[in-house]
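Asker: Protein sequences, first through last, are from chains X and F. Residues 0 to 233 in numbering that gives the first Met the number 0 are what the first sequence spells out, letter by letter. Residues 0 to 233 in numbering that gives the first Met the number 0 are what the second sequence spells out, letter by letter. We put the CB at the ideal spot given by N, CA and C, even for glycine. Before I ask anything, let me first share the structure, which is written out below as structure tokens.
Number of protein chains: 2
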Amino acid sequence: MLNKHDVVPLYAQLERILREKILTGEFKDGEPIPSEAELTKTYNITRTTVRKAIGNLVQEGLLYQAHGKGTFVRLQEIKYSIWNFEGFTDYLRKKGEHPVSRVLEQKGVRLDSGDYWKLKRARGVQKNEKVLFLTIDTSYIPLRKFAGIDRYDFSRESLYDVMRKEYHVYPRNSEVVIQPVTSDDTMKEIFDLDNVRSLLKAKGIVTDERGDELEKVEIVYGPNIEFKLMTKMR
Amino acid sequence: MLNKHDVVPLYAQLERILREKILTGEFKDGEPIPSEAELTKTYNITRTTVRKAIGNLVQEGLLYQAHGKGTFVRLQEIKYSIWNFEGFTDYLRKKGEHPVSRVLEQKGVRLDSGDYWKLKRARGVQKNEKVLFLTIDTSYIPLRKFAGIDRYDFSRESLYDVMRKEYHVYPRNSEVVIQPVTSDDTMKEIFDLDNVRSLLKAKGIVTDERGDELEKVEIVYGPNIEFKLMTKMR
DNA sequence: TAGTGGTCTAGACCACGGT
DNA sequence: CCGTGGTCTAGACCACTAG
Chain X
0 MLNKHDVVPL
10 YAQLERILRE
20 KILTGEFKDG
30 EPIPSEAELT
40 KTYNITRTTV
50 RKAIGNLVQE
60 GLLYQAHGKG
70 TFVRLQEIKY
80 SIWNFEGFTD
90 YLRKKGEHPV
100 SRVLEQKGVR
110 LDSGDYWKLK
120 RARGVQKNEK
130 VLFLTIDTSY
140 IPLRKFAGID
150 RYDFSRESLY
160 DVMRKEYHVY
170 PRNSEVVIQP
180 VTSDDTMKEI
190 FDLDNVRSLL
200 KAKGIVTDER
210 GDELEKVEIV
220 YGPNIEFKLM
230 TKMR
Chain F
0 MLNKHDVVPL
10 YAQLERILRE
20 KILTGEFKDG
30 EPIPSEAELT
40 KTYNITRTTV
50 RKAIGNLVQE
60 GLLYQAHGKG
70 TFVRLQEIKY
80 SIWNFEGFTD
90 YLRKKGEHPV
100 SRVLEQKGVR
110 LDSGDYWKLK
120 RARGVQKNEK
130 VLFLTIDTSY
140 IPLRKFAGID
150 RYDFSRESLY
160 DVMRKEYHVY
170 PRNSEVVIQP
180 VTSDDTMKEI
190 FDLDNVRSLL
200 KAKGIVTDER
210 GDELEKVEIV
220 YGPNIEFKLM
230 TKMR
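Dropping the structure here:
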């Protein structure tokens, strides 16, 4: 049930309930959730409010709507091969590789929206005697949320591990824009390029389940990475 | 002014007007646009409709809102964001745009796996007297599955509509690799580039629900497209 | 035809920011 | 204080889908 006097808006409360039911499987993948009309009755709110909640979940990709048919659950809309946030580190370990990070730069910076810890790392794998770098990651971590984050040595520790274990914060969503970039000197050196090339860059934010920003991120992908994308259409 | 009897929804019409004013600089970067109350008066529509239009532009990244202050123009110039293949025509129509296709090349070709119909199109939107091209799509359609596909005029018809309505085949999944490419002469002409640039290319296959290949596809995205990607961890 | 989502109206009260 | 956006109500009519 919803609490009309809560500071949390009704649509956000409903959103949470629906998300829960989708993720626990009470609403099954591909099947319809109750109609908007039903939801207005069940929760005793207007359709506008129901639509706001559903709209957000559609935006999020958890639901889709079909005119005249209904609102349906969509799980696993997008998968990604290299773009997994449970991390880079775990991903490579599973493949039997030895992940390596080299910190290129770290310092406090002030962006318009507050104070951040800037962390720039080259990340890759150990190959025999050599290191093959795959990405250059630049993170801007809000110090308001992660006070003392500068104490950690991120050439050894995983950023997301620290967020989870030390701050009890769980990265959940990311929204990035993919762009082409032309290699600069840093990229040339890290990726061992012999001349100027086009590379891919992903730039965006990582948030927790409430949509709070955890990190501004910018990742440049080296030439050894394929950016594979699978989508499901309806 | 808005046309209440147009098939294009009022919010989409308003959206288009606002987008226009932002992009032409009538609403300047960082400055506020008229308040929601003013817009309701100016266009003689309700605030709900105004908010729907503004909401979409906020989503698109062209505007941001600050509680108690106003609605402001955002510096970055994001025009279109496309996250899957299904959306092109519908996505643009919803925005009150007029999608345009120009067939650049079409012929039968033999690939190692069989006979295909090659269809290369530039796709974009009508802007006043001009056409702004957004993508160059190259499709290879298996003739074994789509005999007679060469009869259709794909400058007018949607490829997927034909697949659905004439062949009763439904595109469902896609698997593509995203790569950077350097512009060639065709791209230079279609996208009206003044010099060589890095662009994005998606290359892969589209399948139906049984995993049967419907199309090999290669899409080059012009500089007016941002490739926005949202991921969720579960 | 009945049920669904898509659009829109005409209000209301609230919280926030700056004066 | 006033003007801004944020939320919400209680309706209405329409277009689409399926039986």
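Do F:Tyr166 and F:Tyr139 have their C-beta atoms within less than 8 Å of each other?
Answerer: No; because the gap between Cβ atoms is not below 8 Å, this pair is not in contact.
Asker: Ignore the nearest five residues each way along the sequence and tell me which others in F:Met162's own chain have a CB closer than 8 Å to its CB.
Answerer: Phe145, Val168, Tyr169, Pro170, Leu213
Asker: Say whether the segment 170-183 of chain F touches the segment 119-133 of chain F, bearing in mind that this needs 3 or more beta-carbon pairs closer than 8 Å, one atom from each stretch.
Answerer: no
Asker: Report the neighbours of F:Pro179 on chain X: residues whose CB is nearer than 7 Å to its CB, in chain order.
Answerer: What F:Pro179 touches in chain X: Pro179, Ser197, Leu198, Leu199.
Asker: Just checking, does the segment 2-10 of chain F make contact with the segment 193-212 of chain X on the three C-beta pairs under 8 Å criterion?
Answerer: Put simply, the segment 2-10 of chain F does not touch the segment 193-212 of chain X. Fewer than three CB pairs are less than 8 Å apart.
Asker: Check whether the Cβ atoms of X:Ser182 and F:Pro179 sit closer than 8 Å, and answer yes or no.
Answerer: no
Asker: Hey, F:Glu35 and F:Val57: beta-carbon distance below 8 Å or not?
Answerer: no
Asker: Could you name the residues of the same chain whose beta carbon sits closer than 6 Å to that of X:Tyr79, not counting the 5 residues immediately before and after it, in chain order?
Answerer: Low local confidence applies: a pLDDT of 44 at X:Tyr79 is under 50, so the model's placement there is unreliable, with the coordinate-based value given in what follows. Taken in chain order, the list of residues that qualify is empty.
Asker: Mind checking whether X:Gly113 and X:Pro141 have CB atoms under 8 Å apart?
Answerer: Here X:Gly113 is near X:Pro141, since their CB atoms are less than 8 Å apart.
Asker: Looking at the structure shown, is X:Ala201 part of a helix, part of a strand, or coil, going by DSSP?
Answerer: strand
Asker: Would you tell me roughly how many angstroms separate the C-alpha atoms of F:Leu103 and F:Ala201, rounded to the nearest one?
Answerer: So the alpha carbons of these two residues sit roughly 18 Å apart.
Asker: What is the rounded straight-line gap between the Cα of X:Ser154 and the Cα of X:Ser100?
Answerer: Approximately 5 Å between the Cα atoms of the pair.
Asker: Name the DSSP beta bridge partners of F:Gly123, please?
Answerer: F:Val99, F:Phe132
Asker: Using 10 angstroms around the beta-carbon of X:Gly24, count the other beta-carbons present and answer buried if the total reaches 16, otherwise exposed.
Answerer: Exposed, because fewer than 16 other Cβ atoms sit within 10 Å of the Cβ of X:Gly24.
Asker: Report all residues from its chain with a CB closer than 6 Å to the CB of F:Lys215; omit the five preceding and five following residues, and keep chain order.
Answerer: So the qualifying residues of the chain are Tyr139, Ile204.
Asker: If you follow the alpha helix (DSSP H) that F:Thr255 is part of, which residue opens it and which one closes it?
Answerer: Missing from the structure shown is residue 255 of chain F; chain F here goes from 0 to 233 and no further.
Asker: Can you name the residues that DSSP bridges to F:Ala65?
Answerer: F:Gly69
Asker: Between F:Asp28, F:Asp160, F:Gly221, which has its C-alpha nearest F:Glu188's C-alpha?
Answerer: F:Gly221
Asker: Tell me which residues share the same chain as F:Gln125 and place their Cβ nearer than 6 Å to its Cβ, disregarding the 5 neighbours each side in the sequence.
Answerer: His97, Val99
Asker: Going by the CB atoms, is the gap between F:Asn55 and F:Glu14 shorter than 8 Å?
Answerer: yes
Asker: Indicate the three-state DSSP secondary structure (helix, strand or coil) for X:Asp114 in the structure shown.
Answerer: Here X:Asp114 carries a strand assignment [DSSP, helix/strand/coil].
Asker: Whole angstroms are fine: how far does the CA of F:Asp207 sit from the CA of F:Ala65?
Answerer: 44 Å
Asker: Tell me the DSSP secondary structure of F:Asn296 in three-state form.
Answerer: Absent from the model: residue 296 of chain F. The displayed extent of chain F is 0 to 233, so no value can be given.
Asker: Helix, strand or coil, according to DSSP, for F:Thr185 in the structure here?
Answerer: DSSP, reduced to helix, strand and coil, places F:Thr185 within a helical segment of the structure shown.
Asker: Using CA atoms only, rank isn't needed, just tell me which of F:Leu38, F:Glu128, F:Asn43 is closest to F:Lys3.
Answerer: F:Asn43
Asker: For X:Ile32, which three-state DSSP category applies?
Answerer: coil
Asker: When burial is assigned at 16 or more other CB atoms within 10 Å of the CB, is X:Gly123 buried or exposed?
Answerer: buried
Asker: Starting from X:Leu213, trace the alpha helix (DSSP H) both ways and give me its first and last residue.
Answerer: Not the alpha helix (DSSP H): X:Leu213 falls in the beta strand (DSSP E), residues 212-220.
Asker: So for F:Lys106, helix, strand or coil by DSSP?
Answerer: strand
Asker: Taking all protein chains shown into account, decide if X:Met0 is buried (16 or more other Cβ within 10 angstroms of its Cβ) or exposed.
Answerer: exposed
Asker: Assign F:Thr41 to buried or exposed, taking buried as 16 or more other Cβ atoms, counted over all protein chains shown, within 10 Å of its Cβ.
Answerer: exposed
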